[in-house]
Amino acid sequence: MESNSKGDIEKAGMQQTTDPEPEPKTSKLENQIKTKEPEQNGPKKWLTSLLWLIKDQWFLVALACLIAISSQAQVPESHQHLKETVVTYLCVSIIFFITGCTLSTRVLIDNYSRWRLHIYVQVQCFLMTSATTFAVVSLCAMNPNFMDPWFLIGLIFMGCVPTTISSNVVMTRQAHGNTALTVVQSTLGNFLGPFLTPALVSMYTSTGAWYTDVLPTGANNYSEIYRRVFKQLGLSLFLPMVVGQVVQNVFPKQCKTIFTTWKLSKVSSVSLLIIIWQTFDQAFGSGAFESAKASNMIFIVFISIAFFILWQSITLATSIFWLPKVDVIACCYCCPAKTPAMGVPLSTVMYVGLSKVHESKLQIPMVIFQGFQIASGSLLTIAFRRWVRAEEERKAAEAERLRAGEAAS
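FYI, in full-length UniProt numbering the residues of the sequence shown are 1 to 409.
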């Protein structure tokens with residue numbers, strides 16, 4: 001037995017010496033990579049990447065086209081009010097009806113109970129943004145010849161208005177963040193806005209600075225703005241969302257098929273584009289941009305970029321250590337964003353009797369900032385989706401294992 005085993009070993013040894021060494025597996029992989037390198041580095045790669053970017057960021061491309069169109073042709077002034085009413089109620093209602101049809105009722109209720117997070121987000125939205133804006137305005141006001149006083153007041157107003165609702169919800173959904181949290185924080189901020197914004201603006205403009213001399217004096221009646229804002233929130237936000245929640249709980253399978261499989265949830269993105277278009281159409285139609293000096297406009301554009309980056313960075317740095325990734329994404333959309341939909345009517349009510357030129361200058365910073373926050377938010381969806389991808393894949397794998405275990409048992 002021993003001799004046979006020794007012979008087998010010797011034969012195996014001789015076979016190993018005579019047979020050629022197997023080609024390492026990595027060489028095939030290297031050959032594949034080498035053969036693909038010219039294709040990846042060639043024009044096809046850039047064309048493929050460009051087509052993917054356009055497809056992924058179709059919202060941003062459409063937004064740029066709509067802004068260009070609104071700068072050249074506007075709705076007649078006699079129809080502006082009708083256009084604003086129809087767009088504000090119809091498009092916002094569509095967005096929140098779809099949100100109600102796609103959000104879990106339990107998840108929505110759970111997010112309403114997170115009071116610590118409510119305090120954090122609203123402090124960021126109102127106090128952090130308004131304080132940094134006032135600091136920059138105070139620096140700019142050191143030279144009275146540097147900026148138009150109405151632009152300085154407009155910047156203060158922009159820092160004090162609440163976060164936007166529609167774009168936050170759409171962008172958070174596209175970035176795979178916590179959409180329910182965004183809905184809760186955005187609606188809460190817009191409830192507080194009619195009370196907090198006038199108080200903050202009055203506080204910052206009561207310092208006696210030279211640029212506040214242009215403001216009209218006298219008390220204003222805010223009952224009309226309260227009625228208008230809460231009517232709009234009730235009819236275009238809460239009612240459609242409640243109807244959507246009822247539809248989702250009565251027809252869960254149909255809702256999943258329509259909004260997830262057929263991807264009809266993208267209708268909310270189209271509705272948001274129409275909302276943004278009407279804002280810029282109104283701004284261009286009122287002559288807001290024609291009444292401003294070029295140097296002031298350039299400064300507002302760049303300071304808007306700086307504000308958004310600063311507020312976004314502060315939000316990310318103060319939330320990433322204690323919140324899940326999906327909640328961080330929601331906060332990063334809620335905290336830096338500002339809404340002209342409430343800022344414009346609030347400014348009109350607070351300062352009655354202003355000329356169209358002065359009204360336009362007061363509102364320009366809000367309109368410009370909105371355009372930049374939408375464009376930046378759309379691009380950030382790419383980074384946020386990549387950031388949460390590993391966590392989503394892990395949760396999907398765990399769910400698959402649980403289903404497999406249940407099926408086996």
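From the three backbone atoms N, C-alpha and C, an ideal C-beta is built for every residue, glycine too.
>> Whole angstroms are fine: how far does the CA of F307 sit from the CA of I320?
In response: Taking the first residue of the sequence shown as 1, we reach residue 320 at position 320. Taking the first residue of the sequence shown as 1, we reach residue 307 at position 307. Near 20 Å, if we compare the C-alpha coordinates of F307 and I320.
> Measuring CA to CA, which of G353, F151, V388, A397 is closest to I368?
Replying inline: Translated into positions along the sequence shown, residue 368 becomes position 368. Ranking the options by Cα distance to I368, first place goes to F151.
>> I need the boundaries of the alpha helix (DSSP H) containing K266, first residue and last residue.
In response: Residue 266 sits at position 266 when you count from the first residue of the sequence shown. From DSSP, K266 is part of no alpha helix (DSSP H); its letter is neither H nor E.
>> Closer than 8 Å is the cut-off here; do at least three beta carbon pairs connect the region 259-268 with the region 105-118?
In response: no
>> For V61 and S268, I'd like the C-alpha separation in whole angstroms.
In response: As a position in the sequence shown, residue 61 is number 61, starting the count at 1. As a position in the sequence shown, residue 268 is number 268, starting the count at 1. Taking the straight line joining both Cα atoms gives about 16 Å.
>> Quick check on the DSSP output: the alpha helix (DSSP H) that includes L239 runs from which residue to which?
In response: Looking up residue 239 in the sequence shown gives position 239. Counting along the chain, the alpha helix (DSSP H) containing L239 begins and ends at 239-250.
>> Which residue marks the beginning of the alpha helix (DSSP H) containing D148, and which one marks its end?
In response: Here residue 148 corresponds to residue number 148 of the sequence shown, with the count starting at 1. Careful: D148 lies outside any alpha helix (DSSP H) and carries neither H nor E.
>> Suppose you measure from the CA of A396 to the CA of A390; what does that come to, to the nearest Å?
In response: For the purposes of this step, residue 396 is taken as the residue at position 396 of the sequence shown. For the purposes of this step, residue 390 is taken as the residue at position 390 of the sequence shown. Taking the straight line joining both Cα atoms gives about 10 Å.
> Does the Cβ of M241 have 16 or more other Cβ atoms within 10 Å, making it buried, or fewer, making it exposed?
Replying inline: For this step, residue 241 is matched to residue 241 along the sequence shown. Burial call: buried.
> With a cut-off of 8 Å, do at least 3 Cβ pairs link the region 122-138 to the region 198-208?
Replying inline: Verdict: yes, contact present.
> What is the DSSP secondary structure of K253, reduced to helix, strand or coil?
Replying inline: Working through the sequence shown from its first residue, we reach residue 253 at position 253. Looking at K253 - three-state DSSP - the assignment turns out to be helix.
> Among W58, G159, E393, F195, which has the Cα closest to the Cα of Q363?
Replying inline: Residue numbering aside, residue 363 sits at position 363 when the sequence shown is read from its first letter. For Q363, the nearest C-alpha among the options comes from G159.
> Would you report the Cα separation of Q373 and A337, rounded to the nearest angstrom?
Replying inline: As a position in the sequence shown, residue 373 is number 373, starting the count at 1. As a position in the sequence shown, residue 337 is number 337, starting the count at 1. The C-alpha of A337 is placed about 7 Å away from the C-alpha of Q373.
> At which residue ranges does the region 283-325 contain complete alpha helix (DSSP H) runs of 4 or more residues, listed in the order of the chain?
Replying inline: 294-319
>> Which residue marks the beginning of the alpha helix (DSSP H) containing L108, and which one marks its end?
In response: Within the sequence shown, residue 108 is the residue found at index 108, counting from 1. Segment 105-112, the alpha helix (DSSP H) holding L108.
>> Less than 6 Å between C-beta atoms, sequence neighbours within five positions excluded: which residues of the same chain meet that for I98?
In response: Within the sequence shown, residue 98 is the residue found at index 98, counting from 1. Taken in chain order, the residues that qualify are S265, S268.
> Under the three-state reduction of DSSP, which class applies to K395: helix, strand or coil?
Replying inline: Position 395 of the sequence shown holds residue 395. Helix at K395.
>> Can you check which of these residues, H176, K256, C335, is closest to W311 by C-alpha distance?
In response: Along the sequence shown, one-based indexing puts residue 311 at 311. Checking every option, the nearest Cα to that of W311 belongs to C335.
>> Which same chain residues end up closer than 6 Å to residue 430 when comparing Cβ atoms and leaving out the 5 residues on each side of it in sequence?
In response: Residue 430 lies beyond the residue range present for the chain, which begins at 1 and ends at 409; the question has no answer from this structure.
>> Give me, in chain order, the residues of the same chain whose beta-carbon lies closer than 6 Å to that of G100; leave out the 5 immediate sequence neighbours on both sides.
In response: Within the sequence shown, residue 100 is the residue found at index 100, counting from 1. Within the same chain, G100 has close Cβ partners M241, G244, Q245.
> Does the Cβ of A341 have 16 or more other Cβ atoms within 10 Å, making it buried, or fewer, making it exposed?
Replying inline: Within the sequence shown, numbered from 1, the residue matching residue 341 stands at position 341. With 16 or more other CB atoms across the displayed protein chains lying within 10 angstroms of its CB, A341 is buried.
>> Distance check for I95 and S271, CA to CA, integer angstroms please.
In response: As a working mapping, residue 271 is identified with position 271 in the sequence shown. As a working mapping, residue 95 is identified with position 95 in the sequence shown. Their Cα atoms are separated by approximately 7 Å.
>> Which residue marks the beginning of the alpha helix (DSSP H) containing S355, and which one marks its end?
In response: By 1-based counting over the sequence shown, the position of residue 355 is 355. Per DSSP, S355 belongs to no alpha helix (DSSP H) and is neither H nor E.
> Does DSSP classify K55 as helix, strand or coil?
Replying inline: Indexing the sequence shown from 1 puts residue 55 at position 55. If DSSP states are grouped into helix, strand and coil, K55 belongs with the helices.
> Nearest to V214 by CA position, among F191, H176, S355, is which residue?
Replying inline: Taking the sequence shown and counting its residues from 1, the one referred to as residue 214 is at position 214. Among F191, H176, S355, the Cα nearest to that of V214 belongs to S355.
> For I303, which residues from the same chain have a beta carbon less than 8 Å from its beta carbon, with the 5 sequence-adjacent residues on both sides left out?
Replying inline: Translated into the one-based positions of the sequence shown, residue 303 becomes position 303. Once the five neighbours on either side are set aside, the close Cβ partners of I303 are V136, L155.
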